[in-house]
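J.: For the sequence shown, the residue numbers in mature numbering (1 follows the signal peptide of the UniProt record, and there is no 0) are -29 to -1, 1 to 298.
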Amino acid sequence: MTLRPLTTRRVRRIAVALTATVGVLAASACSSDDDSDSNDTHTVASAYGDVEVPENPERVVAVSYDTPWQLKSLGVTPVAAQDYSDYSDGISAEQKEFLEPVETVGKFFELDIEAVAKADPDVIVGDVLEIDQELFDKLSEIAPTVIVEGETRGDWKPIVGMLADAVGAEDKLEDSKAAYEDRLATLQEDYRDVLADNTFADIGPMEDAANFYIAYPSSIVGAIYQEVGMKLAPSLPTGAFPKGWEEYSTEKIGELLGGADVVTVTAKPDGTVAPVMQSVLDNTLFKNLPATKNDQVFPVFGEVTDYGSATVYLDTIEEKILRPLQK
């Protein structure tokens, strides 16, 4: 546990108190202003109701998988987050570097409440997918806790908006949102013909090569594809798909993917696919797809949690998918 930030806050309170004792009106006014600033709060909507949070929290603890990356996009480095060592293959070198100075508060779904308390947070932030009501109640005894949620897996925009409100980063949010929207508009204009002439399907691996999943617009990647204007293949099932994806047998590869001009495949950060995914790609049914025969199967890595990473993903979509299709 680092004591420096805690000591800083204590010094601030002492300074305010000492100033208040000075019998000079100007000094008293400054004291009153400082005290008001240090105690200002506002109300944030969260998955478990409204929460009062400090206006400018200095110490933020992240307790869900995507939350540190979302904070990073808002210019905030958490003082503590969960342990990513079991997931190091799924995060980038930049993300690993970002986490280096950050203390850990247990593994995913094994949150260490005592470690959270020792981190001395001004505010705790996380996602409803990992923090239930019982855990929220425990965390709220430590510090104001804002647990965010969206209607689907692809709802990162409202989630990041709630986090920005919780940590006082609304200006940074607006800047990153504007950059994303500008990049999106450029892609839509530059690849208008490609988008009009092709249909797409995005797939990924399950635990064994007998099955695979298809991502839909309710997923994170699918939501981006939809915004870009990448039309779903007509052979894909339609529906709400609240999980964002559905699992299918490889026996249905031809039936489900046969109408796709382009198939994108979930890749690792280095651009390769997992062995179980490669087994699906080596399946005879997959090799006989029109997309495969036309060399329009593209492995793509994407980790979208916020406007910053979404903008990077737009760059990836252009490099790995749209530009190769622009013949």
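Note that CB positions come from ideal geometry on N, CA and C, so glycine has one too. Since the model is a prediction, treat every value here as computed from it, not as a measurement.
1. I believe residue 138 touches residue 28 by the beta-carbon criterion, under 8 Å. Please report the beta-carbon distance rounded to the nearest angstrom.
2. Using C-beta distances below 7 Å, list every residue in its chain close to residue 281, excluding the 5 sequence neighbours before and after it, in chain order.
3. Is the beta carbon of residue 64 less than 7 Å from the beta carbon of residue 90?
4. CA-CA distance, residue 153 and residue 61?
5. Can you tell me whether DSSP reads residue 303 as helix, strand or coil?
6. First and last residue of the beta strand (DSSP E) that includes residue 220?
7. What are the uninterrupted segments assigned as alpha helix (DSSP H) that are 4 or more residues long and contained completely in the region 48 to 133, given in chain order?
8. Based on Cα-Cα distance, which residue from 240, 26, 269 lies nearest to residue 290?
9. Using the DSSP secondary-structure output, state which residues sit across from residue 209 in a beta bridge.
10. Excluding sequence positions up to five away, which residues of its chain have a Cβ less than 6 Å from the Cβ of residue 295?
11. Ordered along the chain, which non-local residues of its own chain (more than five positions away) have a Cβ less than 7 Å from that of residue 284?
12. Counting Cβ pairs closer than 8 Å, one from the region 130 to 148 and one from the region 205 to 212, do we hit at least three?
13. Quick one: what does DSSP say residue 10 is sitting in, helix, strand or coil?
14. For residue 298, which three-state DSSP category applies?
T.: In brief:
1. 6 Å
2. Only 151, 195, 275 meet the Cβ criterion.
3. In this structure, residue 90 does not lie closer than 7 Å to residue 64 by Cβ.
4. 28 Å
5. The requested residue 303 is not part of the displayed model; the chain covers only -29 to 298.
6. The continuous beta strand (DSSP E) containing residue 220 extends over residues 216 to 220.
7. If we require 4 residues or more, the alpha helix (DSSP H) runs fully inside the region 48 to 133 come out as 64 to 70, 84 to 89, 104 to 111.
8. In terms of CA proximity to residue 290, 269 leads the group 240, 26, 269.
9. For residue 209, which the question treats as bridged, DSSP gives no partner whatsoever.
10. none
11. 195, 273, 275
12. no
13. helix
14. The three-state reading of DSSP puts residue 298 in coil, since its state is none of H, G, I, E or B.
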